[in-house]
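Comments concern the structure below.
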Amino acid sequence: MAQPQVPVTVLTGYLGAGKTTLLNRILSEQHGKKYAVIVNEFGELGVDNDLVVNADEEVFEMNNGCICCTVRGDLIRIIEGLMKRKDKFDGILVETTGLADPGPVAQTFFTDDDVKARTRLDAIVTVVDAKHFLGQLEQGDEAEEQVAFADVILLNKTDLVSEDELKKVEDKIHSINRYARIHRTQKSRIELDAILDKGAFDLKRILEFEPDFLHHGHDHDHGDEVASLSFSSERPVDPDKFQKWMGALLQLKGQDILRSKGILAIDGAPKRYVYQGVHMMMDADWGTPWKDGEKRSSKLVFIGRNLDGENLKRGFEDCLK
Amino acid sequence: MSKLDLGNPEWRSQLPPSRKVAADAPVAACAFGRDGKTVAFALGDGRVRLLPADVKATEGAAPEPVHNGAVLSLIADPNGDGFLSGGDDGRLLRIAPDGSTTEVANQKGKWIDKLAAHRSNGSFAASVGKMALVVDKAGGCREFGPHQSTVAAIDFSKDGSRIATAHYGGITVWSIGQVTLPPRKFAWAGSHVALKWSTDGKFIATGTQENDIHVWRIAQASDMRMQGYPAKVKSLSWSADARWLYTSSQPVFTAWPFAGKGPEGKPPLQFGDEGAGLITVVAAHPAAEFVAGGYDSGELQLGDIKSRRSVVLKLSDGSAVSALAWSPDGLQLAAGNDNGDLLVVDLRR
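Chains as they are written, first to last, in our numbering: chain A, 13 to 333; chain B, 17 to 365.
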């Protein structure tokens, strides 16, 4: 019997950015919804009317020869356990530790059949500390990766910095991730519908998450830093060539490409072809139909490290008719 | 076991007598008590439903929840005719045949999600996070671990002197006798999600996150890997004579041959009627060459590895079979599904 898939929101953010405050707000607000919360630091939450599960982040490599295929083993087990409960949830919130790489969490929802059958990844929400973000970037890859994976970013503690400093932080976020929607917040205060049930991983709703083509970050050489690159064209795409290229690309560069998304105008097809990937894993499907007279254009976005813009551009252009 | 006869035309033409109770909460596990008089079902609303094994006896009223959350695991109590249950409330309970409970352990914030008992020495084991808990007949409690990840499955050796745990990176065998020996780790990359020690004590089989099964020969520390399953193998069951390892996650009964030189280079024996979906739970008969299999479609089949035939014990109803258990005498079978339907089938003829 097909059961509805429970939406899962992943909450990331560097130490002290305001994740726990946000979680407490979600859980204490009167919204009539029931959430299961999977946390790492037990006891910090001041709420006990919802189900709180304590998890150790157990990152497992899949034994299938793919070194970037990592999943959260604890999450697979906990979701399976939660589904044994009679009272179902309106949603599941997964809080990661401040130093966690969001990759394995996201990949769990692409990899495990049981998890896929019962739940769907709704969005990755990252809380960014406006005052300390630029400094945190210097201390390791975590803060950068958390922004890179995000669908929604809460730029928090905006009251502690000047408008100029805020702009600088926003520019930096944009240069890492052009996709994410940024909300400026104080004390993690935000309307819940801005972060819950976004369908950011729903191929049918991918259009709502268009990259910000207008925004130009700093165009200096990024080197090892995470950046986003986007490409578009109004020429139709050859589906066979595209699949071959993307397959080979993710196979080869999957470790560096953190997220990828695309909306394609396939030659002769009445509907949009939409896809998205996390590292090497990819989902694709037909999306909404093109309207009569609508301009058909294809868009691709890559968020990752060591992205060779020229090479990617050429690869994409080779797939065009 | 002449009473179970798949060649009997009556078996093929009608379903056996059974009791069906709608419990309205997913069934995590079921078990018959040691005396075979009571059968218990672990439910997703915190209740443990006890039913008389006799399908014609009065069934009694539904009980109150004993766990605050879902009951995750349930086995027969090796020291009585009742049961042991573990929940996501971190409690491990002893449940008497009359339904009264006593708390054996309470580890708030953790889940008691796997239980196993030795058939004769009165010990049982529980997985609690990264630790394995062993309680002996006298009630003495010892902890083994921590393991490198949460313990995903647990089982006893035939002689009851050791337990084996499944986790990320392989399995660990712990000596649980009075003399403390260092644990033996058997490594195989990846996450191991199910584990069963063979009924002759020679092999340990696991199901993995990558849809394989892995089997270790304990004495030689050699191992083998069986691939080609379309889903994770979460249910494993050794035949009473240890000649066969039955596995879930195939459309028909699938048995790897362990008699003689073992299964290396041989295909598994497959039999039964296809078309009911994938097997989700298998349970070998406690004495004879029969095996019960529950499907993701809800169908229940009884297979006979000698004649390689199967009969349908319950028709599919769309809700996956999630638990299966034989009575100690092997004449009754209990099953539960995701919908909360409890079933006791009487196979006596």
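Note that beta-carbon positions come from the ideal geometry of N, C-alpha and C, so glycine has one too. Fair warning: this is a prediction, and the values are worked out from it, not measured in the lab.
The beta-bridge partner set that DSSP reports for residue 207/B consists of 184/B. Of the residues assessed, residue 189/A falls on the buried side of the cut-off, its CB having 16 or more other CB atoms within 10 angstroms. Assignment of beta-bridge partners to residue 289/A by DSSP yields 272/A, 294/A.
If you look at residue 157/A, you'll find it in the alpha helix (DSSP H) that goes 154-161.
Among the residues of the segment 93-113 of chain A, those with a Cβ less than 7 Å away from any Cβ of chain B are 93, 96, 97, 98, in the order of the chain.
Within chain A, the residues placing a beta-carbon under 7 Å from that of residue 42/B are 96, 98, ordered along the chain. Take the alpha-carbon of residue 68/A and the one of residue 52/A: they are about 6 Å apart.
The shortest C-alpha to C-alpha distance from residue 224/B to any of 30/A, 71/A, 75/A is the one to 75/A.
Look at residue 43/A here: in three-state DSSP terms it is coil, with no helix or strand label. Just so you know, the alpha carbons of residue 125/B and residue 105/B end up roughly 7 Å apart.
Under the DSSP definition of a beta bridge, residue 321/A lacks any partner. The beta-bridge partner set that DSSP reports for residue 232/B consists of 220/B, 239/B. Using a Cβ-Cβ cut-off of 8 Å, residue 70/A counts as an interface residue toward chain B, since at least one Cβ of chain B sits closer than that to its own. The C-beta of residue 156/A has 16 or more other C-beta atoms within 10 Å across all chains shown, which makes the residue buried.
Taking residue 32/A as reference, the option from 109/A, 71/A, 102/A with the minimal CA-CA separation is 109/A. The secondary-structure analysis by DSSP pairs residue 65/B across a beta bridge with 57/B. DSSP places residue 192/A in no beta strand (DSSP E); its state is neither H nor E. Close CB contacts of residue 316/A within its chain, under the 6 Å cut and outside five residues either way in sequence, are with 268, 269, 270 (chain order). Contact annotation: the segment 177-188 of chain A does not touch the segment 292-309 of chain A, with fewer than three C-beta pairs closer than 8 Å. Identification of chain A residues near residue 225/B by a Cβ-Cβ cut-off of 8 Å yields 72, 74, 75, 83, 85, 88, 124, ordered along the chain.
Relative to residue 257/A, the option among 212/A, 36/A, 332/A whose CA is nearest is 332/A. Contact between the segment 333-349 of chain B and the segment 294-304 of chain B is established, with three or more Cβ pairs separated by less than 8 Å. Between residue 312/A and residue 242/A, the C-beta spacing is below 8 Å. One finds 125, 126 in chain B with Cβ atoms closer than 8 Å to the Cβ of residue 66/A, taken in chain order.
Residue pairing of residue 73/A in beta bridges, as defined by DSSP: 82/A.
In this structure, DSSP gives residue 362/B an extended state, which the three-state scheme calls strand. DSSP, read as helix, strand or coil, puts residue 265/B in coil.
Within chain A, the C-beta atoms nearer than 9 Å to that of residue 206/B come from 72, 73, 74, 75, 76, in chain order. Annotation for residue 247/A: 332, 333 place their beta carbon closer than 7 Å to its own, counting only its chain and skipping 5 residues before and after. 184: these are the residues of the segment 175-191 of chain B whose beta carbon lies less than 7 Å from some beta carbon of chain A, given in chain order. Beta-carbon to beta-carbon, residue 311/B and residue 292/B are separated by about 4 Å, close enough to satisfy the 8 Å threshold. Straight-line spacing of the CA atoms in residue 81/B and residue 209/B works out to 28 Å. The beta-carbon of residue 88/B is placed less than 8 Å from the nearest beta-carbon of chain A. In this structure, residue 50/B and residue 96/B form a Cβ contact; the two beta carbons are roughly 7 Å apart against a cut-off of 8 Å. Under the DSSP definition of a beta bridge, residue 157/B partners with 151/B. Exposure of residue 38/B is indicated by the presence of fewer than 16 other C-beta atoms within 10 angstroms of its C-beta.
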